[in-house]
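Worksheet for the structure shown next.
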Amino acid sequence: NSKVIQTPRYLVKGQGQKAKMRCIPEKGHPVVFWYQQNKNNEFKFLINFQNQEVLQQIDMTEKRFSAECPSNSPCSLEIQSSEAGDSALYLCASSLNLSYEQYFGPGTRLTVL
Amino acid sequence: GEQVEQRPPHLSVREGDSAVITCTYTDPNSYYFFWYKQEPGASLQLLMKVFSSTEINEGQGFTVLLNKKDKRLSLNLTAAHPGDSAAYFCAVSDGGGSNAKLTFGKGTKLSVKS
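Just so you know, the protein sequences line up as chains V and X, in that order. My numbering puts the first residue of the first sequence at 1, with every later residue one more than the last. My numbering puts the first residue of the second sequence at 1001, with every later residue one more than the last.
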């Protein structure tokens, strides 16, 4: 069973508000991924880290999304100004390295009213 | 970029029947393949990983077949039971460098009736 912890499980925000969610990867996993799963079960990769360094992120992430994985603190994903289209399940996954399987947390379900 | 097509989107079988879910992918450089199970309200549970050197993997109650020539991956639940009712997703990665993100299929919602 995955030991990735995500908080909060549910998040409700108004349009234009900030939305912040956190992820604690499995112990010993230096690689962290964030994905967005929409209501149509389409997954979108957002960003990944190795230790504290960003490896890759998509354009959407660069504009309104910010993420970090500081040393000795939970990773976080923040949407600066939420839009209705951001309503989705945000999944954090961690991995031993880039070639290994990814283990997912329970997700944060964001609803933007 | 990689595209993954998963079929069927919905599958309903009786307890004890087999259930087959298939994914096709486009990138011949894809190297790592995964199947995940997602129960309602829950996260993704890793079922099986398949690497390019492996063609058939067997797990508890299911078999995964990889056909690199046809760029096809399949999950076969050999004798489905109600506890198998869930959404199943295939995921593909080239596993290289920083581009190790997973590309997912759109899922198959499996319903097993007793």
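All C-beta atoms in this analysis are idealised placements derived from N, C-alpha and C, irrespective of residue type, glycine included.
Start-to-end residues for the beta strand (DSSP E) that takes in residue i
i, result
"K1109 of chain X", "T1108 to K1113"
"S1012 of chain X", "H1010 to R1014"
"A1087 of chain X", "A1086 to S1093"
Bridge-paired residues (DSSP) for residue i
i, result
"K13 of chain V", "V:V112"
"N97 of chain V", "Per DSSP, none; premise fails for N97 of chain V."
"C23 of chain V", "V:Q6 and V:C75"
"H29 of chain V", "H29 of chain V pairs with nothing; no bridge assigned."
"Y35 of chain V", "V:F45 and V:L91"
"R1007 of chain X", "X:T1022"
"N51 of chain V", "Note: N51 of chain V sits in no beta bridge, so no partner."
"L1075 of chain X", "X:I1021 and X:V1064"
"S121 of chain V", "Residue numbering for chain V in the displayed model covers 1 to 113; residue 121 of chain V lies beyond these limits and cannot be assessed."
"Y1032 of chain X", "X:F1051 and X:S1093"
"Q56 of chain V", "V:N48"
Exercise for the section: Using a Cβ-Cβ cut-off of less than 9 Å, list which residues of the region 1065-1089 of chain X approach chain V; keep chain order. Expected result: Of all residues in the region 1065-1089 of chain X, A1087 and F1089 have a Cβ within less than 9 Å of some Cβ in chain V.
Problem - Near-chain V residues of the region 1039-1051 of chain X (beta-carbon distance less than 8 Å), N- to C-terminal order - result: A1042, S1043, L1044, Q1045, L1046 and K1049
Practice task
Anything in the region 65-87 of chain V with a Cβ closer than 8 Å to a Cβ of chain X? List those residues in chain order, please.
Solution key: none
Problem - Three-pair Cβ contact test at 8 Å for the region 21-30 of chain V versus the region 66-79 of chain V - result: Touching, per the Cβ criterion.
Exercise for the section: Anything in the region 10-44 of chain V with a Cβ closer than 8 Å to a Cβ of chain X? List those residues in chain order, please. Expected result: V31, F33, Y35, N40, N41, E42 and F43
Practice task
Give the residues from the region 1026-1037 of chain X that approach chain V closer than 9 Å (Cβ to any Cβ), ordered along the chain.
Solution key: If the cut-off is 9 Å between Cβ atoms, the region 1026-1037 of chain X has Y1031, Y1032, F1034 and Y1036 near chain V.
Handout entry: Stretch-stretch touch, CB-based, cutoff 8 Å, three pairs: the region 29-37 of chain V with the region 84-95 of chain V
Key = yes
Handout entry: Contact residues within the region 88-106 of chain V, judged by C-beta distance below 9 Å to chain X
Key = L89, L91, A93, S95, N97, L98, S99, Y100, E101, Q102, Y103, F104, G105 and P106
Problem - beta strand (DSSP E) runs contained entirely in the region 1034-1071 of chain X, provided each spans 3 or more residues - result: 1044-1051, 1056-1058 and 1062-1067
Practice task
Count the C-beta pairs between the region 1001-1012 of chain X and the region 95-110 of chain V that are closer than 8 Å, then say yes if the count reaches three, no if not.
Solution key: Taking 8 Å as the limit for Cβ pairs, the verdict is that the region 95-110 of chain V does not touch the region 1001-1012 of chain X.
Handout entry: Contact residues within the region 47-59 of chain V, judged by C-beta distance below 7 Å to chain X
Key = N48, L55 and Q56
Handout entry: Cβ-based contacts, 7 Å cut-off: residues of the region 1100-1112 of chain X near chain V
Key = Residues of the region 1100-1112 of chain X with a C-beta less than 7 Å from any C-beta of chain V: A1100, K1101, L1102, F1104, K1106 and G1107, listed in chain order.
Handout entry: Segment contact flag, the region 1023-1040 of chain X with the region 1074-1093 of chain X, C-beta cutoff 8 Å, min 3 pairs
Key = yes
Handout entry: Any 3 or more C-beta pairs closer than 8 Å across the region 65-72 of chain V and the region 1009-1029 of chain X
Key = Touching, no, given that fewer than three Cβ pairs across the two stretches are closer than 8 Å.
Problem - Given 8 Å, three or more beta-carbon pairs between the region 3-11 of chain V and the region 102-111 of chain V - result: Cβ pair count under 8 Å is three or more, so yes.
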